[in-house]
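Trainee:
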Amino acid sequence: MSMQRLAILGSTGSIGTSTLDVVARHPDRFRVFALTAHQSIDRLFEQCVAFLPDIAVVGHAEGAAELEQRLRAARLSTEVAYGPQALDAVASASRCDTVVAAIVGAAGLSSSLAAARAGKKILLANKEALVMSGALFMRAVAEHGATLLPLDSEHNAIFQCLGTSSCTGAGVERLILTASGGPFLHRELDTLDDVTPDQACKHPNWVMGRKISVDSATMMNKGLEVIEARWLFDMPPERIEVLIHPQSVIHSMVAYADQSVLAQLGNPDMRTPIAHAMAHPDRVDSGVAPLDLTRMSQLSFHEPDLERFPCLRLGLDVLRNGCAASVTLNAANEVAVDAFLHEHIRFTDIARVIGHALDRLPPLAPTAGLDDILAADELARVTARQFMAQQTRGYTHAVAVH
Ligand code: NAD
Ligand code: MG
8 MSMQRLAILG STGSIGTSTL DVVARHPDRF RVFALTAHQS IDRLFEQCVA
58 FLPDIAVVGH AEGAAELEQR LRAARLSTEV AYGPQALDAV ASASRCDTVV
108 AAIVGAAGLS SSLAAARAGK KILLANKEAL VMSGALFMRA VAEHGATLLP
158 LDSEHNAIFQ CLGTSSCTGA GVERLILTAS GGPFLHRELD TLDDVTPDQA
208 CKHPNWVMGR KISVDSATMM NKGLEVIEAR WLFDMPPERI EVLIHPQSVI
258 HSMVAYADQS VLAQLGNPDM RTPIAHAMAH PDRVDSGVAP LDLTRMSQLS
308 FHEPDLERFP CLRLGLDVLR NGCAASVTLN AANEVAVDAF LHEHIRFTDI
358 ARVIGHALDR LPPLAPTAGL DDILAADELA RVTARQFMAQ QTRGYTHAVA
408 VH
């Protein structure tokens with residue numbers, strides 16, 4: 008067993024801290040090469056003290072200066088860098104074997120792609136990167152001999168049930184992604200207008216960053232995940248399904264041609280998929296409590312209600328139409344969720360903003376390169392912001408103040 012040297016991109020987030028929890032349990036297997044954070048300098052400093060990385064990367068020069076000063080005062084030799092190019096550099100550095108892609112949103116695309124092009128083992132949490140650049144990303148992985156392992160619990164479950172990374176030739180009939188339905192599965196529909204950011208971020212089963220928490224409440228998270236599954240497992244869109252399973256015990260399923268259905272079960276704790284992907288093909292302790300099936304009164308399943316969850320409908324439409332509009336879907340969602348978290352638009356406006364951008368903008372060609380993807384991402388953001396400015400006075404005011 009050789010020591011794996013990890014770059015953990017987004018180490019101060021929910022996935023990043025869970026990853027470091029697993030690292031701390033196995034100092035004989037994992038060593039931290041790089042840690043990165045956008046703004047959380049305090050937390051990143053504490054992580055540097057605990058894990059002694061070679062390099063720490065932050066978003067901006069001021070943060071870098073502050074971190075550098077604190078590290079030197081603590082007599083640590085961790086090198087400090089900042090900005091997107093520094094993220095790409097650590098993701099592709101020869102001193103790193105494994106990249107944990109745990110930055111949230113489109114901000115993680117460039118470094119995830121840099122890791123693929125450098126032929127790294129990539130543990131992918133940053134689903135937005137794959138949603139934006141699916142074909143391009145998977146080509147880079149294949150051409151550069153990278154290894155892509157999913158951290159997203161559903162995709163990690165499917166990977167475990169498949170025993171391989173592609174559905175092609177594996178006798179797979181359907182992929183069934185389970186979804187908890189989030190905090191508003193049973194809330195009165197006519198009260199969804201009044202949902203606050205804190206209510207949307209209070210997930211019944213998982214503790215996560217705020218953006219993915221809102222995505223779970225709208226079920227756009229599942230819309231992004233069906234697209235993620237299409238690319239990760241090379242699965243035809245029409246054979247990817249979503250099933251509501253409020254207990255979050257079965258993390259997803261694979262149905263085979265002989266009607267065997269394989270499922271992966273576990274407590275809802277991201278350290279299980281993280282430990283699985285980190286140690287693959289071995290199995291190691293994740294720190295997660297054993298699953299006690301005798302304490303479960305029921306495991307229930309039902310079809311999602313697309314009236315209640317219009318964002319899921321939009322995601323499924325984009326999937327079924329070949330994913331050519333997935334850049335627009337993702338970018339408009341990021342802008343709308345951010346506006347909702349800042350209380351500039353209502354919860355129910357999120358789907359309207361995304362729907363508007365999808366109606367307005369042309370889909371991307373399958374041959375689109377990175378420049379085309381980034382241009383489409385920017386156009387979708389501008390279109391979404393303009394729509395919000397027309398629709399809500401509060402948002403106009405916020406735009407003017409910025
Ligand atoms: P989070 O908000 O808790 O953490 C995000 C991390 O990214 C932080 O370290 C932050 O400093 C960094 N970051 C934010 N903006 C950045 C920028 N512009 N440039 C560089 N770094 C930046 O998010 P999270 O919940 O850990 O989610 C991370 C990713 O993992 C998301 O793509 C999410 O969809 C995915 N994911 C999360 C979970 C979960 O349980 N949290 C589960 C499955 C998938
Ligand atoms: Mg998930």
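According to my numbering, the sequence shown is numbered sequentially starting from 8. In this text, a Cβ means the ideal position worked out from N, Cα and C, and glycines have one as well.
#1: Does PRO317 pass the burial test, meaning 16 or more other C-beta atoms within 10 Å, or should it be called exposed?
#2: Assuming SER119 and ALA136 are in contact, meaning their beta carbons sit under 8 Å apart, how far apart are those beta carbons, in whole angstroms?
#3: Is the segment 51-64 touching the segment 126-142 in the sense that three or more CB pairs, one from each, lie closer than 8 Å?
#4: My understanding is that ASP61 touches GLU86, with C-beta atoms under 8 Å, so please give their C-beta distance in whole angstroms.
#5: Would you kindly check if the distance between the Cβ of ALA88 and the Cβ of VAL107 is under 9 Å?
#6: From which residue to which residue does the alpha helix (DSSP H) around SER25 run?
#7: Output yes or no for whether 9 Å exceeds the beta carbon distance between ALA387 and VAL334.
#8: By the three-class DSSP mapping on this structure, what secondary structure does GLN271 have?
#9: Taking 7 Å as the limit between beta carbons, can you name the residues of its chain near PRO280, skipping five residues before and five after?
#10: Which full runs of the beta strand (DSSP E) of 3+ residues lie inside the segment 260-341, going along the chain?
#11: Whose C-beta lies closer than 6 Å to the C-beta of VAL408 among residues of the same chain, with five residues either side of it excluded?
#12: Is DSSP giving THR185 helix, strand or coil here?
#13: Relative to the C-alpha of VAL295, which residue among HIS283, HIS287, GLN167 and ASP289 is closest?
#14: Measure from the alpha carbon of LEU116 to the alpha carbon of each residue in LEU131, HIS363 and ASP299, then state which is nearest.
#15: Using DSSP's beta-bridge definition, name the partner residues of ARG38.
#16: Do LEU319 and MET227 have their C-beta atoms closer together than 9 Å?
#17: For ALA125, which residues of its own chain have a beta-carbon under 6 Å away from its beta-carbon, when the five flanking residues on both sides are left out?
#18: Could you tell me the boundaries of the alpha helix (DSSP H) in which THR390 lies?
#19: Taking its Cβ as the centre, do 16 or more other Cβ atoms sit within 10 Å of LYS127, making it buried, or is it exposed?
#20: Whose C-beta lies closer than 6 Å to the C-beta of SER47 among residues of the same chain, with five residues either side of it excluded?
#21: Give a single yes or no on whether ASP159 has its beta carbon closer than 8 Å to a heavy atom of the ligand MG.
#22: Could you tell me which of GLU232, MET260 and CYS55 sits nearest to VAL179, measuring between CA atoms?
#23: Chain B beta carbons: is any one of them nearer than 9 Å to that of ALA296?
#24: Could you please give me the residues that DSSP links to ILE410 through a beta bridge?
#25: Do you know offhand how far ALA364's Cα is from PHE166's?
#26: With distances taken Cα to Cα, identify the nearest neighbour of ALA177 among ALA71, ALA80 and ASP265.
#27: Quick check on LEU13: buried or exposed, where buried means 16 or more other Cβ atoms within 10 Å of its Cβ?
#28: The ligand NAD and ASN133: does the residue's C-beta get closer than 8 Å to at least one heavy atom of that ligand?
#29: Tell me whether HIS252 counts as near the ligand MG, meaning its Cβ is closer than 8 Å to at least one heavy atom of that ligand.
#30: With DSSP run on the structure shown, which of helix, strand or coil describes ALA63?
#31: Flag ALA109 as yes when its Cβ comes closer than 8 Å to any non-hydrogen atom of the ligand NAD, and as no otherwise.
#32: Would ALA44 pass as a contact of ALA57 if the rule is Cβ separation under 9 Å?
#33: For a test of your reading of the model: does the CB of ALA63 fall under 8 Å from any non-hydrogen atom of the ligand NAD? Yes or no.
#34: Please confirm whether GLU73 and ARG181 have their CB atoms less than 9 Å apart.
#35: Buried or exposed: where does VAL360 fall if 16 or more other Cβ atoms within 10 Å of its Cβ makes it buried?
Mentor: A quick look at the data gives this:
#1: Around the beta-carbon of PRO317, 16 or more other beta-carbon atoms lie within 10 Å, marking it buried.
#2: Contact between SER119 and ALA136 holds, since their C-beta atoms are separated by about 4 Å, short of 8 Å.
#3: Of all C-beta pairs linking the segment 126-142 to the segment 51-64, fewer than three are shorter than 8 Å, placing the two stretches out of contact.
#4: Under the criterion of beta carbons closer than 8 Å, ASP61 and GLU86 qualify as touching, at roughly 6 Å.
#5: No, the Cβ-Cβ distance between VAL107 and ALA88 is not below 9 Å.
#6: For SER25, the uninterrupted alpha helix (DSSP H) segment begins and ends at 21-32.
#7: VAL334 is positioned such that its CB atom lies closer than 9 Å to that of ALA387.
#8: Note: GLN271 maps to strand in three-state DSSP.
#9: Residues LEU158, SER160 and ASN163 of the same chain have their beta carbon placed closer than 7 Å to that of PRO280, with the five preceding and five following residues left out of the count.
#10: Those beta strand (DSSP E) runs which fall completely within the segment 260-341 and span 3+ residues are 268-272.
#11: A caution first: VAL408 carries a pLDDT of 46, below 50, which makes its placement in the model too unreliable to give a value.
#12: Correct three-state label for THR185: strand.
#13: For the residues HIS283, HIS287, GLN167 and ASP289, the minimum Cα distance to VAL295 belongs to HIS283.
#14: Residue LEU131 is the option with its Cα nearest to LEU116.
#15: Listed as beta-bridge partners of ARG38 by DSSP are ARG12.
#16: Cβ atoms of LEU319 and MET227: closer than 9 Å.
#17: Non-local C-beta neighbours of ALA125 in its own chain, meaning closer than 6 Å and more than five positions away in sequence, comprise SER99, ordered along the chain.
#18: 377-398 is the span of the alpha helix (DSSP H), which, as asked, contains THR390.
#19: The residue in question, LYS127, is buried, as its Cβ has 16 or more Cβ neighbours within 10 Å.
#20: Excluding residues within five positions, the ones whose Cβ falls inside 6 Å are THR19.
#21: Residue side-chain check: ASP159 places its Cβ nearer than 8 Å to a non-hydrogen atom of the ligand MG.
#22: When only C-alpha atoms are compared, the closest one is MET260.
#23: Among the chains in the structure shown there is no chain B, since it carries only a single protein chain.
#24: The structure shown has nothing for residue 410, since the chain only spans 8 to 409.
#25: Whole-angstrom Cα-Cα distance: 33 Å.
#26: Ranking the options by Cα distance to ALA177, first place goes to ASP265.
#27: In summary, LEU13 is buried, with 16 or more beta-carbon neighbours lying within 10 Å of its beta-carbon over all protein chains present.
#28: Distances taken from the Cβ of ASN133 to the heavy atoms of the ligand NAD include one shorter than 8 Å.
#29: No, the beta carbon of HIS252 sits no closer than 8 Å to any heavy atom of the ligand MG.
#30: For ALA63, the three-state secondary structure derived from DSSP is strand.
#31: ALA109 Cβ: within cutoff of the ligand NAD.
#32: No.
#33: False, no ligand heavy atom lies under 8 Å from that Cβ.
#34: Not a contact, by the Cβ cut-off of 9 Å.
#35: So VAL360 counts as buried.
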